[in-house]
Amino acid sequence: MQLIAENLAADRGDTRIFEGVSFSLRAGEGMTITGPNGAGKSTLMRVLAGFLPPSAGSVKISGGHLAEHSHYLGPNNGMKPNLSVKENLRFWQDYYGGGGRTPLEALEEVGLGHVLDVPFSDLSTGQKRRVAIARLFVSPRYIWLLDEPTTGLDNSSEHMFTRLIVRHLRTGGLVIAATHLSLGVDAMKNLRFAEPNK
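Under the UniProt record's numbering, think of the first position of the sequence shown as 1, with each following residue one higher.
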């Protein structure tokens, strides 16, 4: 599995947000995207996820379509507050096609097996983010696209997430993360965006 981005550019209205972004990653490799607010990190993540078309350039992977092999975890948790945690994870499992951990097993990965039947709206901010992370496990996909993944996590949960990323990479996964904070993962590449319009 290899992901190749070539000369990507994106616009917001008449303003060019970024251009000339190129990189390649192979199975087992990760990359962080860093830089100031407004520089285009989240826009790049949405381009990679297929939510926005690039203004120029291309993204492709060997062995299929990117959308079929990737999970996108954005700044928002993507959960319905009126549903239980289990119902939310089952929704995502059905959406992605299944084949992964059960909702309970996914929650145990993030230390939340005891909240399976709790309404999502009743969880704390940190618990909600950990449930969102559990979504990565209900259907196996090689590529994790993570936009500010540690939002709402305390130090202990951040360390837990680091261990999950390291394990995913060691088993041949690929991770791209836009973040303001270090993920604590050694040997990840870094793509740094400059100040906007500079």
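Where is the CB? At the ideal position from N, CA and C, for every residue including glycine.
- For S121 against P75, the beta-carbon gap comes to about 18 Å, at or over 8 Å, which does not count as contact.
- Burial check for T32: the Cβ neighbour count within 10 Å reaches 16 or more, so the residue is buried.
- Cα atoms of V47 and P53: separation of roughly 6 Å, rounded to the nearest angstrom.
- Secondary structure at E109: helix, using DSSP grouped into helix, strand and coil.
- In its chain, beyond the 5 residues on either side, G28, E29, G30, V175, V185 have a beta carbon closer than 8 Å to the beta carbon of L169.
- As DSSP reads the structure, Q93 sits in no beta bridge.
- When G126, V118, N77, V131 are compared, the shortest CA-CA separation from E109 is found for V131.
- Excluding sequence positions up to five before and after V118, its CB lies within less than 8 Å of the CB of S84, V85, all in the same chain and listed in chain order.
- Under a 10 Å Cβ-count criterion, R163 is classified as exposed, with fewer than 16 other Cβ atoms of the shown protein chains found around its own Cβ.
- A residue is called buried when at least 16 other Cβ atoms come within 10 angstroms of its Cβ; G97 does not meet this threshold and is exposed.
- By DSSP's assignment, Q2 forms a beta bridge with R26.
- The beta carbon of A49 sits closer than 6 Å to the beta carbons of Y72, L145 from its chain, once the five residues preceding and following it are set aside; these are given in chain order.
- Taking C-beta atoms under 8 Å as the contact rule, Y142 and G173 qualify, at a distance of about 5 Å.
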